[in-house]
Amino acid sequence: MRNKIVAGNWKMNTIVREGVALASDINVSLKDINLPENVKIILAPPFTHIAFVEQVTDDKKIIIAGQNCSSEEQGAYTGEISAKMLKMIGCSAVIIGHSERRAYFCETSETLAKKTEQALKNELTPIFCCGEKLEEREAGNHFNIVKNQISESLFNLSEKNFSKIVIAYEPVWAIGTGVTATKEQAQEMHEFIRKTVAEKYGNNTAEKLTILYGGSVKPDNAAEIFSMPDVDGGLIGGASLKADSFVDIVKAIL
Ligand code: PEP
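Under our numbering, think of the first position of the sequence shown as 455, with each following residue one higher.
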């Protein structure tokens, strides 16, 4: 059975006190929910919050993730946070290649391949983001764009390492815009991603791959999107900043 994941990406929001309160509220609400073995809940707070959030969350129910990591192992890279630093502070996963990082911080496929390698080396699950811009979809280029993003950064991995990856399909036009992909659009792309992975790594690896949808998922649309056969959960931005809405989205996957 595939793992299902609901992951909250807090981005550059909340100060530590607010983040701890948010994590703690989520933790309390999840106490009353029986999570099946294959359902994982992930929180990705800002780096400064991780050590504190880790202390107020039950590590049997909540996995902590970084929102990014360095492509380098260590050294003179002022301002960077390494995968090892994340691992040592309690993270088990890291978001890699979010469209905001690609757009505002010029992250290339090559950089993202190196970040993925660092994550895997340090036993962090990479949550690898991909997704097309609106003009790319309108030009009918969305499948090519997503295929290239995945193949350029991930297809040098061994099958064993690839099987540790989680992919998040996040159409850029749906992130933070309030416009969600329809369930059919999400399913169509997730099915395409699974087929692309099957061609490279075989059906077995593709069938086990967890593929998340991200882009304006809210409590009122989560169940519909999660009902699609190739959608294995969500990467949630705005709606993960309120405990109630995040927990309602978690309930939609059960
Ligand atoms: C995201 O940033 O990964 C995201 C999906 O944001 P939002 O849910 O706010 O669209």
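We put the CB at the ideal spot given by N, CA and C, even for glycine.
Just so we're clear, the structure is a prediction, and the values are computed from it rather than from any experiment.
Please indicate yes or no: does the CB of Val671 lie closer than 7 Å to some heavy atom of the ligand PEP?
Looking up residue 671 in the sequence shown gives position 217. It does: the Cβ of Val671 is within 7 Å (strictly closer) of some heavy atom of the ligand PEP.
DSSP three-state assignment for Phe597, whether helix, strand or coil
The residue given as residue 597 occupies position 143 in the sequence shown. DSSP places Phe597 in helix when its eight states are reduced to three.
Can you have a look at Thr562 and say buried or exposed, based on whether 16 or more other CB atoms are within 10 angstroms of its CB?
As a first step, residue 562 is located in the sequence shown; it is residue number 108 there, counting from the start. When all chains shown are included, Thr562 counts as exposed.
From which residue to which residue does the alpha helix (DSSP H) around Phe506 run?
Within the sequence shown, residue 506 is the residue found at index 52, counting from 1. Residues Ile504 to Gln509.
Flag this pair as touching only if the segment 546-553 and the segment 566-582 have three or more C-beta atom pairs under 8 Å; answer yes or no.
Because the criterion of three Cβ pairs below 8 Å is met, the segment 546-553 and the segment 566-582 touch.
Would a C-beta distance cut-off of 8 Å place Glu624 and Gly668 closer than the cut-off?
Residue 624 sits at position 170 when you count from the first residue of the sequence shown. Residue 668 sits at position 214 when you count from the first residue of the sequence shown. Contact check for Glu624 against Gly668 passes: the beta carbons are separated by less than 8 Å.
Whose C-beta lies closer than 8 Å to the C-beta of Gln641 among residues of the same chain, with five residues either side of it excluded?
Reading the sequence shown from its first residue, position 187 is the one you call residue 641. So the list reads Met682, Pro683, Asp684 and Val685, once near-sequence residues are dropped.
Between the C-alpha atoms of Pro580 and Asp486, what's the straight-line distance to the nearest angstrom?
The residue labelled residue 580 in the question sits at position 126 within the sequence shown. The residue labelled residue 486 in the question sits at position 32 within the sequence shown. So the two alpha carbons sit approximately 29 Å from each other.
Taking just the CA atoms, how far does Lys538 sit from Gly692?
For the purposes of this step, residue 692 is identified with residue 238 of the sequence shown, where counting begins at 1. For the purposes of this step, residue 538 is identified with residue 84 of the sequence shown, where counting begins at 1. Distance from the CA of Gly692 to the CA of Lys538, rounded to the nearest whole angstrom, comes to 28 Å.
To the nearest angstrom, how far is the alpha carbon of Thr502 from that of Ile495?
Locating residue 502 in the sequence shown gives position 48, counting from the first residue. Locating residue 495 in the sequence shown gives position 41, counting from the first residue. Answer to the nearest angstrom: the Cα atoms are 20 Å apart.
Tell me whether Lys465 counts as near the ligand PEP, meaning its Cβ is closer than 7 Å to at least one heavy atom of that ligand.
Reading the sequence shown from its first residue, position 11 is the one you call residue 465. Yes, since a heavy atom of the ligand PEP falls inside the 7 Å radius drawn around the Cβ of Lys465.
Examine the ligand PEP and report whether any of its heavy atoms sits within less than 7 Å of the Cβ of Ile629.
Stepping through the sequence shown from its first residue, residue 629 is reached at position 175. The answer is yes for Ile629.
Span separating the alpha-carbon of Tyr558 from that of Glu586:
The residue labelled residue 558 in the question sits at position 104 within the sequence shown. The residue labelled residue 586 in the question sits at position 132 within the sequence shown. Take the alpha-carbon of Tyr558 and the one of Glu586: they are about 15 Å apart.
I need the boundaries of the alpha helix (DSSP H) containing Pro673, first residue and last residue.
Taking the sequence shown and counting its residues from 1, the one referred to as residue 673 is at position 219. According to the DSSP assignment, Pro673 belongs to the alpha helix (DSSP H) that extends over Pro673 to Phe680.
Would you mind stating whether Ile518 and Ile504 have Cβ atoms separated by less than 8 Å?
Residue mapping note: residue 518 aligns to position 64 of the sequence shown, counting from 1. Residue mapping note: residue 504 aligns to position 50 of the sequence shown, counting from 1. A contact, by the Cβ cut-off of 8 Å.
On a CA-only basis, which of Asp512, Ile543 and Lys458 is nearest Pro500? Give me that one, please.
Counting from one through the sequence shown, the residue named residue 500 turns up at place 46. Selected option, being the one with the closest Cα: Ile543.
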